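For reference, the structure is listed below as structure tokens.
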Amino acid sequence: MFDFLIVGAGFAGSVLAERLASTGRKILLVDKRNHIGGNAYDHHDEAGLLVHKYGPHIFHTNSGEVFDYLSRFTAWRPYQHRVLASVDGQLVPIPINLDTINQLYGLRLTSFELEEFFASVAEPRDEIRTSEDVVVSKVGRALYEKFFRGYTRKQWGIDPSELDASVTARVPTRTNRDDRYFTDSYQAMPLHGYTRMFERMLDHPNITIMLQCDYRDIEPVIPYREMVYTGPIDEFFDCRFGRLPYRSLEFTFETVDQAVAQPAAVINYPNDYAYTRVTEFKYLTGQEHPKTSLVYEHPRAEGDPYYPIPRPENAERYKQYKALADATPGVHFAGRLATYKYYNMDQVVAQALAVFDRIIGARQLSLGGTAEPQLGTTLEDVAPTAELADPAAAVRTNGVHGQASR
Ligand code: FAD
Ligand code: UDP
992 MFDFLIVGAG FAGSVLAERL ASTGRKILLV DKRNHIGGNA YDHHDEAGLL VHKYGPHIFH
1052 TNSGEVFDYL SRFTAWRPYQ HRVLASVDGQ LVPIPINLDT INQLYGLRLT SFELEEFFAS
1112 VAEPRDEIRT SEDVVVSKVG RALYEKFFRG YTRKQWGIDP SELDASVTAR VPTRTNRDDR
1172 YFTDSYQAMP LHGYTRMFER MLDHPNITIM LQCDYRDIEP VIPYREMVYT GPIDEFFDCR
1232 FGRLPYRSLE FTFETVDQAV AQPAAVINYP NDYAYTRVTE FKYLTGQEHP KTSLVYEHPR
1292 AEGDPYYPIP RPENAERYKQ YKALADATPG VHFAGRLATY KYYNMDQVVA QALAVFDRII
1352 GARQLSLGGT AEPQLGTTLE DVAPTAELAD PAAAVRTNGV HGQASR
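With this note's numbering applied, the sequence shown corresponds to residues 992 to 1397, in that order.
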């Protein structure tokens, strides 16, 4: 008898497997793919280059708790991510900063003058509701159209005016010369890759792993007490309220017979080509190799679910599924697909740690005699939101923190 059947061996499922195993629970961790790590999986390709199978994954967080937790399973390579955008025949830094504007328009503005420039072109909005509002209200329509409109339409298949503000709000605007993509206090890549980190996380006698296994095939025959589910929430409930849309991507890999292929880790193509961006992995991994590997991302409506699509009608449908999840005894929902949240890796780790605390806390309560039924948890109430700069802050303030033996 397993104490937990955990569906999905990505960050959400693996962190919960590790935490629960450490308390003596017996875990069966299943994934329908042929590897652990979920979308963060990396591997060496035929040329021996370390590549990310599901697109570039750059680790960054403001949470010391999340960073310390993962540091138990990996050493790190310091890495600051930088991205260029191909606009008007030039490669300029994105997020938009002082150098972006000066280079693009051939100017020599100071930060102060750039602030004035933005103020003069910005379109004021009473309410910042959509992904268009976010950008247009800060940098005006011309820059919005050069950097955001085309990219977003390609990536999401809809206009920014139909997407929640939170999507383009991920990319800030700066008036200084900071050209880093992220400004989080911890920015680093797992020294030997993500998969190695997952292997160490899951190396525990209480954890049994089954790959290439859809949980639906084994659920009826394998005895377990409770479930952690990290797959798409609509699928769990047989899409009874209709499908929740998830955006997919097709990844095209290219090996180039030279040491370096492009001038930055990532080049975004907001206005040209069918792909959105091209990543050269060696910048991320620091690997030395005479060849180099690139990945092109082609957005798709169909395929593996990668991105929940943040817009009001989807949030409404998700609410229906969440209500069902909350009323499903013995199943805990966690992760990007199961809680339909556009979370980064660190936010998923923070959420999984919060789910763990909740499971342990609930168990301690019920051991103490509280006849609380073991209801399903989606943890909206305790999990970080995508907007939070410090996911662990949300975890800390929810009042359930601190019971785990970390
Ligand atoms: P997943 O990794 O999706 O894991 C869920 C697992 O469940 C999958 O392996 C799936 O096979 C399995 N599963 C589903 N249904 C079943 C079933 N029925 N039976 C068995 N198994 C099942 N985050 C960052 O912080 N930085 C980045 O740079 C970054 N870049 C990204 C780039 C791309 C292209 C994408 C798509 C995401 C990126 N992310 C990034 C986000 C990151 O991938 C996620 O936050 C994280 O991997 C989510 O982990 P998860 O465990 O919730 O889900
Ligand atoms: N975006 C854009 N132009 C860019 C970069 C980002 O329009 O050059 C928008 C786009 O809608 C994208 C979102 O901002 O989906 C978030 O960008 P991010 O780089 O965080 O996307 P992710 O790495 O999650 O795919």
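Here a beta-carbon is modelled for each residue, glycine too, at the ideal position from N, C-alpha and C.
Computed from a predicted structure; not experimentally measured.
Item to check | Segments of 3+ residues assigned as beta strand (DSSP E) that fall wholly inside the region 1257 to 1312 | outcome: 1257 to 1259, 1268 to 1271, 1283 to 1291
Next on the checklist: So, for residue 1340: in the same chain, excluding its five sequence neighbours on each side, which residues have a beta-carbon less than 7 Å away from its beta-carbon?
Outcome noted: In the sequence shown, residue 1340 corresponds to position 349, counting from 1. So the list reads 1002, 1006, 1057, 1060, 1061, once near-sequence residues are dropped.
Checklist entry - Can residue 1195 and residue 1009 be called in contact, C-beta distance under 8 Å? => result Numbered from 1 along the sequence shown, position 204 holds the residue referred to as residue 1195. Numbered from 1 along the sequence shown, position 18 holds the residue referred to as residue 1009. Yes.
Next on the checklist: Out of 1087, 1127, 1094, which one is the CA nearest neighbour of residue 1112?
Outcome noted: Against the sequence shown, residue 1112 aligns to sequence position 121. Checking every option, the nearest Cα to that of residue 1112 belongs to 1127.
Checklist entry - So what's residue 1020 in DSSP terms, helix, strand or just coil? => result For this step, residue 1020 is matched to residue 29 along the sequence shown. In this structure, residue 1020 counts as strand in the three-state DSSP scheme.
Checklist entry - What did DSSP end up calling residue 1324 once you bin it into helix, strand or coil? => result Your numbering for residue 1324 matches position 333 in the sequence shown. Strand at residue 1324.
Checklist entry - Would you call residue 1251 buried or exposed, if buried means 16 or more other Cβ atoms sit within 10 Å of its Cβ? => result The residue given as residue 1251 occupies position 260 in the sequence shown. That one is exposed.
Checklist entry - For the candidate residues 1288, 1257, 1261, 1282, whose alpha-carbon lies nearest to that of residue 1275? => result For the purposes of this step, residue 1275 is taken as the residue at position 284 of the sequence shown. The shortest Cα separation from residue 1275 among 1288, 1257, 1261, 1282 belongs to 1257.
Checklist entry - By DSSP, does residue 1219 sit in helix, in strand, or in coil? => result As a position in the sequence shown, residue 1219 is number 228, starting the count at 1. Residue 1219 falls in the strand class under three-state DSSP.
Checklist entry - Who does residue 1121 pair with in a DSSP beta bridge? => result One-based indexing of the sequence shown puts residue 1121 at position 130. DSSP output for residue 1121 lists 1155 as bridge partner(s).
Checklist entry - With C-beta atoms as the reference, is residue 1051 less than 8 Å away from residue 1177? => result On the sequence shown, residue 1051 is found 60 positions in, with the first residue counted as 1. On the sequence shown, residue 1177 is found 186 positions in, with the first residue counted as 1. Yes; because the gap between Cβ atoms is below 8 Å, this pair is in contact.
Checklist entry - Roughly how many whole angstroms lie between the Cα atoms of residue 1079 and residue 1137? => result Numbered from its first residue, the sequence shown carries residue 1079 at position 88. Numbered from its first residue, the sequence shown carries residue 1137 at position 146. Their backbone Cα atoms lie some 8 Å apart in a straight line.
Checklist entry - Nearest to residue 1280 by alpha carbon, out of 1187, 1246, 1121? => result For the purposes of this step, residue 1280 is taken as residue 289 along the sequence shown, with counting starting at 1. Closest option to residue 1280, Cα to Cα, is 1246.
Checklist entry - Can you tell me where the beta strand (DSSP E) with residue 1144 in it begins and where it stops? => result Mapped onto the sequence shown, residue 1144 falls at position 153. Segment 1141 to 1147 is the alpha helix (DSSP H) holding residue 1144; no beta strand (DSSP E) there.
Next on the checklist: Just to confirm the assignment, what range does the alpha helix (DSSP H) spanning residue 1400 have?
Outcome noted: A question about residue 1400 goes unanswered here, because the residues of the chain that appear run from 992 up to 1397.
Next on the checklist: Once DSSP output is grouped into helix, strand and coil, what is the label at residue 991?
Outcome noted: With the chain running from 992 to 1397 in the structure shown, residue 991 is simply not present.
Next on the checklist: Tell me which residue opens and which closes the beta strand (DSSP E) that residue 1198 is part of.
Outcome noted: Position 207 of the sequence shown holds residue 1198. Taken as a continuous stretch (DSSP letters only), the beta strand (DSSP E) holding residue 1198 covers 1198 to 1201.
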